[in-house]
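Below: one structure, written as structure tokens.
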Amino acid sequence: MNIVVCVKQVPDSWAEKKLRPSDSTLDRDSADAVMNELDEYAVEEALKLQETHGGEVTILTMGPEKAAETIRKALSMGADKGVHVVDASLAGSDAVVTSAVLAKALGTLEWDLVILGSESTDARMSVVPAMLAERLGAPQLSFASTVTVDGSTVRIDRLTDEGVETVEAALPAVVGVAEKINEPRYPSFKGIMAAKKKPVTGLGLADLGLTADEVGLGGSWSSVVESTARPPRQAGTVVKDEGDGGTKIADYLASQKFI
Amino acid sequence: MAEILVLVDHSDGTVKKVTSELLTLARRLGEPSAVFIGSGFDTAKDALARYGAARVYVAEGDQYTAAPVVPKAEVLAHLIGDVSPAAVLVGSTPEGKEVAARAAVRAGSGILTDAIDVGPDLVAEQSVFGGSTLVRSTVSRGTPVVTVRPNSIAPEESLGAAERVDVQIELSAAATAARVVGRKPAERTGRPELAEASVVVSGGRGVGGPEGFAPVEQLADALGAAVGASRAATDAGWYPHQFQVGQTGKTVSPQLYVAAGISGAIQHRAGMQTSKTIVVVNKDPEAPIFEIADFGVVGDLHQVLPQLTEEITKRKG
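Top line first, the protein sequences correspond to chains A and B. Using our numbering, you'd call the opening residue of the first sequence number 294 and step up by one each time. Using our numbering, you'd call the opening residue of the second sequence number 599 and step up by one each time.
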């Protein structure tokens, strides 16, 4: 069974983020770049499935040159090879365009399963798994908290606001994994060394049959009119508990008409 | 007047609060038409009329709920093509965003998610990076599909006709390619849903263990609130992961947020700092969460919370 894991390089989710005033795109230099945390679960899940079912795990990313670091990280965890869609004109692409590019790239690969994190910690839209499934015409199995493959059937437990749904479909399929589905492994020293020798293929727009005007800021179907940093919240009153802390909060809540 | 489609979020016809918020918003943009998919329209009808739905497109039948997301997206995309609305509004819930995403791609439309408001010019306002940045965005192609975060718009009643218009579509093979083969409903806590709640009480590392959530839950119940947890608490296994508030996890924006034993790392603040009023209880006076508190008490939550709960119960008489 061949698996492609889509990963994204994002600013560290434990750091403050900001937009660039010039074009309202993410200021990627303002924080350390890391693999999107949710995608680490996707890589781990793919490697676990590979241990049982064999086949190859390919890492696919779209992003600037620097995003190759994220492919390398996934390869050091144990994936077999990488595909990097890189083209200066892709900068600023929205989710609709990103999903179109990824779908085209997936069209050049052999896969039974596409796995990705359910959202990126920068844009936080959580729409790309659904858009990819729509574009590929493949079953969508998203917000998965478990993934099992049995022959040509894939089954997940989908987390919803109503509870858990068990959903199954025939391969090939697109799986979006939820946080905490597994415990992602750390790359071993051996893994890091081995990753340096694993193949990473670069794909440009022309390789995907796309043109520059279909992608990037200009080709996107949505655009930012303006962005403004909000003034930070003003700190209010802080008191020390002298045995009446609860009563003081009650007084405050009453003054604000909450009780 | 321009027609605005609102996808109804409901559970067997019981309409969720976010739908009344979206209908209220839709009335400012044009004439609201609700889109009801699934079963239980008779239950839902009054609630939709009360918030001003002039028309309700009804796609009733088991085929629309046999698979997650896709059948709803196909109904919505069909309506976008059929009635050419000025915009489509969907609740910014995990499933709502997926339905909107697929409908947008299918209909050839741009999509904006997590809006907190939409102006008459269909410019959406979004609050990103945990509320530190405000963004105004538009859709530049097709019919704007906008998902709106629950609790962003104050619902206002205004009677509409809620005239029923039946919709039947031929679902694609893809729509039923994934089948729901089992359902396990979430344990009923009797508390409001986290994303929709107007009051949230959350516990973090400072609660000290799973049993430490008891005073958090008791305070929540006294306030009619939902219970949340920080990443530290869910990582430790003290509280279920679906209640996690933060950068990864749920984003909430209630009228009142009570953070107990939470230090306030950016991971957590990103999910709650747009709350209208923030009350903090923490032993550590240096905890960064105090920087965003409207009212804070430096103290042990195991003393402060029970006293607060007792006071609230007493004052409510």
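Yeah, the Cβ is synthetic: ideal placement off N, Cα and C, and Gly gets one too. For clarity, every value in this text was computed on a predicted model and none was experimentally measured.
So is L906/B in contact with chain A if we call contact Cβ pairs under 7 Å? Yes, its Cβ sits closer than 7 Å to a Cβ of chain A.
Compile a chain-ordered list of the residues in the region 296-311 of chain A whose CB is closer than 8 Å to at least one CB of chain B. Taking 8 Å as the cut-off between beta carbons, the residues of the region 296-311 of chain A near chain B are S306, W307, A308, E309, K310 and K311, in sequence order.
Residue burial classification, E809/B (beta-carbon count within 10 angstroms, cutoff 16): The residue in question, E809/B, is exposed, as its Cβ has fewer than 16 Cβ neighbours within 10 Å.
Taking its Cβ as the centre, do 16 or more other Cβ atoms sit within 10 Å of Y655/B, making it buried, or is it exposed? Classification for Y655/B: buried.
Rank P492/A, Q343/A and A360/A by C-alpha distance to the C-alpha of D322/A and give the top, closest one. Among P492/A, Q343/A and A360/A, the Cα nearest to that of D322/A belongs to A360/A.
Kindly indicate which residue of A651/B, V799/B, T736/B and Q865/B has the alpha-carbon position closest to the one of F718/B. Reading off the sequence, residue 718/B comes out as Pro, not Phe. The shortest C-alpha separation from P718/B is found at T736/B.
Outcome for D764/B when other beta-carbon atoms lying within 10 angstroms are tallied against a minimum of 16: So D764/B ends up on the exposed side.
Measure from the C-beta of R625/B to each C-beta in chain A and report whether the shortest distance is under 7 Å. Taking a beta-carbon distance threshold of 7 Å, R625/B does not count as an interface residue toward chain A.
Length of the line joining the Cα atoms of N295/A and K341/A: Computed Cα separation, rounded: 13 Å.
F436/A in three-state terms, based on DSSP: Correct three-state label for F436/A: strand.
Is G894/B close to chain A, meaning its C-beta is less than 7 Å from at least one C-beta of that chain? With 7 Å as the cut-off, G894/B counts as an interface residue toward chain A.
Quick one: Cα of A868/B to Cα of R739/B, how far? If I take the Cα positions, the gap works out to 30 Å.
Quick check: the region 541-552 of chain A against the region 773-782 of chain B, are there 3 or more CB pairs under 8 Å? No, the region 541-552 of chain A does not touch the region 773-782 of chain B.
Please determine if the region 739-749 of chain B and the region 692-704 of chain B are in contact, where contact requires at least 3 C-beta pairs separated by less than 8 Å. Verdict: yes, contact present.
Could you give the C-beta distance for G509/A and A384/A, rounded to a whole number, given that I count them as a contact under 8 Å? Going by Cβ atoms, the distance from G509/A to A384/A rounds to 6 Å, so yes, they are a contact pair.
Please confirm whether G611/B has its beta-carbon closer than 7 Å to some beta-carbon of chain A. Chain A places no beta carbon closer than 7 Å to that of G611/B, leaving this residue out of the contacts.
Does the distance from the CB of K374/A to the CB of N329/A come in under 7 Å? In this structure, N329/A does not lie closer than 7 Å to K374/A by Cβ.
8 Å Cβ cut-off: residues of chain A touching P783/B: Simply E455 and G456.
Using the rule of at least 16 other Cβ atoms within 10 Å of the residue's Cβ for burial, across every protein chain shown, is K643/B buried or exposed? Under this definition K643/B is a buried residue.
Using beta-carbon positions only, say whether A722/B and L732/B come within less than 7 Å of one another. For A722/B and L732/B, no; Cβs fall outside 7 Å.
Cβ of E476/A less than 7 Å from any chain B Cβ? No - not a single Cβ of chain B is within 7 Å of the one on E476/A.
Which chain B residues are close to E427/A, counting only those with a beta carbon under 7 Å from its beta carbon? Neighbours of E427/A in chain B, taken as residues whose beta carbon is under 7 Å from its own, are R700, V703 and R704 in chain order.
Between the region 364-373 of chain A and the region 393-411 of chain A, are three or more C-beta pairs nearer than 8 Å? Counting Cβ pairs under 8 Å, fewer than three are found: no touch.
Between which two residues does the alpha helix (DSSP H) holding A831/B run? R829 to D833 is the extent of the alpha helix (DSSP H) around A831/B.
I need the boundaries of the beta strand (DSSP E) containing T521/A, first residue and last residue. Annotation: the continuous beta strand (DSSP E) that includes T521/A extends over S515 to A522.
Does the distance from the CB of G469/A to the CB of P432/A come in under 7 Å? No, Cβ-Cβ distance for G469/A and P432/A is not below 7 Å.
Sort out for me which residues DSSP pairs S609/B with in a bridge. Answer by DSSP bridge pairing, in chain order: T612/B.
Between G636/B, A665/B, L621/B and D660/B, which lies nearest to A647/B when the distance is taken from Cα to Cα? The closest CA to that of A647/B, considering only G636/B, A665/B, L621/B and D660/B, is found on L621/B.
Neighbour-count burial assignment, M486/A, 16 or more Cβ in a 10 Å radius: Classified as exposed, M486/A has fewer than 16 neighbouring CB atoms from the shown chains inside 10 Å of its CB.
What residues of chain A sit near H839/B, judged by a beta carbon separation below 9 Å? Correct list: S438, L452, A471, E472 and K473.
Exposed or buried, S682/B, counting other C-beta atoms within 10 Å across all chains shown (16 or more means buried)? Exposed is the label assigned to S682/B, since fewer than 16 other Cβ atoms lie within 10 Å of its Cβ.
With a threshold of 7 Å between beta carbons, is F634/B in contact with chain A? False, the Cβ-Cβ gap to chain A never drops below 7 Å.
Residues from the region 507-534 of chain A in contact with chain B, defined by Cβ distance under 9 Å: Of all residues in the region 507-534 of chain A, those with a C-beta nearer than 9 Å to a C-beta of chain B are S513, W514, S515, S516, V517, V518, E519, S520, T521, A522, R523, P525, R526, Q527, A528, G529, T530, V531, V532, K533 and D534, reading in chain order.
Which residues, in order along the region 312-329 of chain A, keep a beta-carbon less than 8 Å from a beta-carbon of chain B? Near chain B, meaning a CB-to-CB distance below 8 Å, the residues of the region 312-329 of chain A are L312 and S317.
Listed in chain order, which residues of the region 478-498 of chain A have Cβ atoms closer than 7 Å to some Cβ of chain B? With the criterion set as a beta carbon lying under 7 Å from some beta carbon of chain B, the region 478-498 of chain A has no members that meet it.
Alpha helix (DSSP H) segment containing G511/A, residue limits: Its alpha helix (DSSP H) spans residues G509 to G512.
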